[in-house]
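The block underneath contains the structure these notes are about, expressed in structure tokens.
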Amino acid sequence: MKYNAPLLMVMLMLLLMMAFALVSLLTSNMYSFYQAIKILAIFWMGYNFCLLGSLCGHRQQVISVIVVLFGCVALFLLSKFLLVRFYVELGDGRSGTEIFYPGVMWKIGALFLPLIIAARIQDAIGNLLFVCACLCAGFLVLVDGSRTALLYVLAVGLWVLIIYLKGSRLTRLKLFALAGFAIAICVTPFYLIQSEGAGLLVVERLMEGDPIRMAMLSAGIEHAIECFPLGCGFGTSVAHTGAGTMVVHNAYIAALGEIGVLGLTAFVCVLLIGMLKAIDSRSPATFMVLVGVVFLFSLHPFSTEMSEWGWYWLAWVWAVAKRDPGLEAVAQRSL
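Start counting the sequence shown at 1; every next residue gets the next number (our numbering).
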């Protein structure tokens with residue numbers, strides 16, 4: 001079936017804007033109308049990202065990704081040990097900086113991983129650079145302590161396994177050895193950074209479960225039913241928990257309650273079009289980044305911020321980049 005992905009994307013983004021504008025008129029909530037303007041700005045920036053991304057190849061893009069990873073780790077270490085007024089540590093032990101708070105920092109590490117792995121499979125980067133990039137990515141995930149990040153990294157590991165079960169044994173063993181080496185080294189500095197006696201925070205948080213998130217989901221479903229079918233306005237999907245009033249941490253349920261069936265339909269279709277574009281582009285790394293975005297929205301609030309949508313557009317930039325010769329071999333084994 002033939003379709004024009006960019007044209008569909010424009011139509012769906014306009015539909016999403018209309019949903020915000022409609023609920024703003026119905027509820028006299030100008031804050032919702034402001035979100036429609038933000039969605040327009042995000043789409044415009046994403047479109048320009050794609051235009052710029054189409055001018056360069058995957059190697060140039062992955063080098064940029066690795067530079068960002070190195071820079072983020074350097075900024076975190078500087079804020080931890082030297083510029084301590086920029087260091088942030090939450091009550092549960094999660095760490096970050098004033099530039100990227102806990103809950104944001106992990107995305108830089110986890111969602112870049114598929115791009116780095118694909119670049120290594122293509123021989124676009126060497127073993128040493130690959131190991132260093134994995135170290136930086138893993139370090140950011142660990143110090144952030146995000147359970148979402150840990151689950152996504154495990155999914156990326158499964159993706160690599162599926163690819164390499166179809167590859168040569170020698171290549172498979174080499175990659176697993178490199179990945180194991182990166183993980184082993186990454187855990188050591190993490191323990192040095194954490195306070196004395198601290199365990200592996202992200203694993204501890206995962207094992208504890210999340211009753212607060214479950215309470216938020218229950219409240220979000222009740223709100224969505226109450227506001228069906230047109231929604232009650234952006235920011236109205238909240239839950240009163242033991243930790244205080246919090247926005248519902250499931251973007252799909254929150255979108256249904258805030259911008260109604262029209263908005264939720266447009267939102268979900270935007271994500272699906274991105275995944276179809278990744279498949280058509282024969283770009284497994286793009287597909288895995290978009291899987292991460294879809295998963296991210298299932299455990300995080302509905303947002304109109306570039307800290308969430310930026311990853312979606314990053315995947316599009318990767319999909320429209322100039323083809324590197326080695327990518328076809330990766331696509332044949334994974335998609």
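Virtual Cβ for every residue (Gly too), placed ideally from N, Cα, C.
In chain order, what residues of the same chain lie with their CB nearer than 6 Å to the CB of residue i, ignoring the 5 residues before and after it?
i           : result
residue 293 : 311 and 312
residue 196 : Note that residue 196 scores a pLDDT of 42, beneath 50, so its modelled location is shaky; the value from the coordinates is reported in the next line. If we look at residue 196 and ignore the five residues flanking it on each side, it has no Cβ neighbours.
residue 86  : 79, 97 and 98
residue 336 : The question about residue 336 has no answer here: the residues shown for the chain are numbered 1 through 335.
residue 22  : none
residue 223 : 237 and 257
residue 104 : 307
residue 38  : 304
residue 13  : 43
residue 54  : 320
residue 281 : 319
For residue i, which residues of its own chain have a beta-carbon under 7 Å away from its beta-carbon, when the five flanking residues on both sides are left out?
i           : result
residue 275 : 287 and 290
residue 221 : 253
residue 73  : 136, 139 and 140
residue 33  : 20, 21 and 24
residue 264 : 252, 255 and 256
residue 229 : 260 and 261
In or out: residue i buried (at least 16 other Cβ within 10 Å) or exposed?
i           : result
residue 302 : buried
residue 240 : exposed
residue 152 : buried
residue 211 : exposed
residue 318 : buried
residue 407 : The question about residue 407 has no answer here: the residues shown for the chain are numbered 1 through 335.
residue 216 : buried
residue 113 : buried
residue 327 : For residue 327, the pLDDT reaches just 43, beneath the cut-off of 50, and the residue's location in the model is therefore unreliable, leaving the point undetermined.
residue 126 : exposed
residue 29  : buried
residue 145 : buried
residue 316 : buried
residue 214 : exposed
residue 225 : exposed
How far does the alpha helix (DSSP H) with residue i in it extend, from its first residue to its last?
i           : result
residue 237 : Run containing residue 237: none; DSSP gives neither H nor E here.
residue 308 : 306-320
residue 292 : 284-299
residue 247 : No alpha helix (DSSP H) holds residue 247; the beta strand (DSSP E) holding it covers 244-247.
residue 67  : 58-81
residue 49  : 30-53
residue 211 : 211-227
residue 267 : 251-280
Excluding five sequence neighbours on each side, which residues of the same chain lie with their C-beta closer than 8 Å to the C-beta of residue i?
i           : result
residue 298 : 250, 251 and 252
residue 295 : 148, 151, 152 and 155
residue 309 : 42, 46 and 303
residue 17  : 36, 39 and 40
residue 271 : 290, 293, 294, 297 and 312
Based on Cα-Cα distance, which residue from the options lies nearest to residue i?
i           : options               : result
residue 99  : 46, 108 and 56        : 108
residue 80  : 69, 65, 96 and 124    : 96
residue 20  : 82, 272, 231 and 11   : 231
residue 36  : 305, 47 and 68        : 305
residue 130 : 62, 273 and 235       : 62
residue 117 : 49, 309, 134 and 70   : 134
residue 9   : 50, 27 and 213        : 50
residue 142 : 120, 115, 102 and 158 : 102
residue 300 : 246, 124 and 6        : 246
residue 83  : 75, 248 and 90        : 75
Name the two residues that bound the continuous beta strand (DSSP E) containing residue i.
i          : result
residue 87 : 87-89
residue 95 : 95-97
Is residue i near the ligand NAD, judged by its Cβ being under 6 Å from some heavy atom?
i          : result
residue 79 : This structure lacks the ligand NAD; in fact it carries no ligand of any kind.
Kindly say whether residue i, judged by its beta-carbon, lies nearer than 7 Å to any beta-carbon of chain B.
i           : result
residue 116 : The structure shown contains no chain B, having only a single protein chain.
Practice task
Write down every uninterrupted run of the alpha helix (DSSP H) in the segment 104-167 whose length is 4 residues or greater and which is fully enclosed by it, in chain order.
Solution key: 105-110, 113-121, 127-144 and 147-165
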